[in-house]
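Written out below as structure tokens is the structure these notes cover.
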Amino acid sequence: MDSQDVHDDLEEVLYTADQIQARIGELAAEIDRDYADKDVLIVGVLKGAVMVMADLSRALSSHIAMDWMAVSSYGSGTKSSGVVRILKDLDADLMNRHVLIVEDIIDSGLTLSWLKANLQSRGPASVEICTLLRKPDAAKVPIDVKYIGYDIPNKFVVGYGLDFAEKYRNLDCIGILAPHVYE
Ligand code: 5GP
Ligand code: MG
Ligand code: MG
């Protein structure tokens, strides 16, 4: 076994596991209140939102249904272009349903703004967005986000579902990736 600790690859921990759980509990309370008289379908965007979906869904006391989508943004390197391809579509029919998209992070907002418009075209009763993280300084398109965990600086973060080359998703905290990892 190697003794490397993945936490050594972080320049700074932004949010600990306990802080994330507490914030998700607060978001769940808001969502419970807002959807008290409605059935909601929560849609997780793979793969980054897996941890948020798992913890948020268990913190909700309302009846919910869960579904998943996988999308990929065409773009050069790490920048998203807004041209989106569906890799895995929903199983659910959205007609007259209240849909809540659950995301890990909103960076430029291009992927999510495309996704929201796509889901809105399927005849739902409503489409709202919940994201754990948002980078306000990176926004390229205005996007109406109802539930936001934290606004963060425009730095590359990993952990709690967020990856760098498919690594670090299993960290229980969220941190800024140290430059020595990618330089
Ligand atoms: P957007 O279309 O908003 O620019 O792209 C959002 C997607 O880019 C996220 O779902 C995520 O996959 C990726 N992304 C954006 N910022 C970060 C970041 O700081 N860390 C990680 N790991 N992924 C990010
Ligand atoms: Mg995502
Ligand atoms: Mg990624």
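In the UniProt record's numbering, the protein residues as written are 1 to 183.
Think of the CB as a built atom: it goes at the ideal place given N, C-alpha and C, for glycine as much as any other residue.
query: DSSP beta-bridge partners of residue 85; result: 72
query: Neighbour-count burial assignment, residue 56, 16 or more Cβ in a 10 Å radius; result: buried
query: Boundaries (first-last residue) of the alpha helix (DSSP H) holding residue 122; result: No alpha helix (DSSP H) contains residue 122, which DSSP labels as neither H nor E.
query: Anticipated Cβ contact below 8 Å, residue 116 with residue 129, distance rounded; result: 7 Å
query: Of the residues 67, 177, 17, the one placed nearest residue 88, counting alpha carbons only; result: 67
query: Where residue 186 falls: helix, strand or coil (DSSP); result: This structure does not reach residue 186, given that the chain is present from 1 up to 183, and the question cannot be answered.
query: Rounded distance between the beta-carbons of residue 52 and residue 99, thought under 8 Å; result: With 8 Å as the limit, residue 99 and residue 52 do not qualify as a contact, their Cβ atoms being about 16 Å apart.
query: Heavy atom of ligand 3 within 7 Å of residue 163 beta-carbon; result: yes
query: Exposure label - residue 111; buried when at least 16 CB within 10 Å; result: buried
query: Residue 117 (DSSP reduced to helix, strand or coil); result: helix
query: Buried or exposed (CB count within 10 angstroms, at least 16 for buried), residue 16; result: exposed
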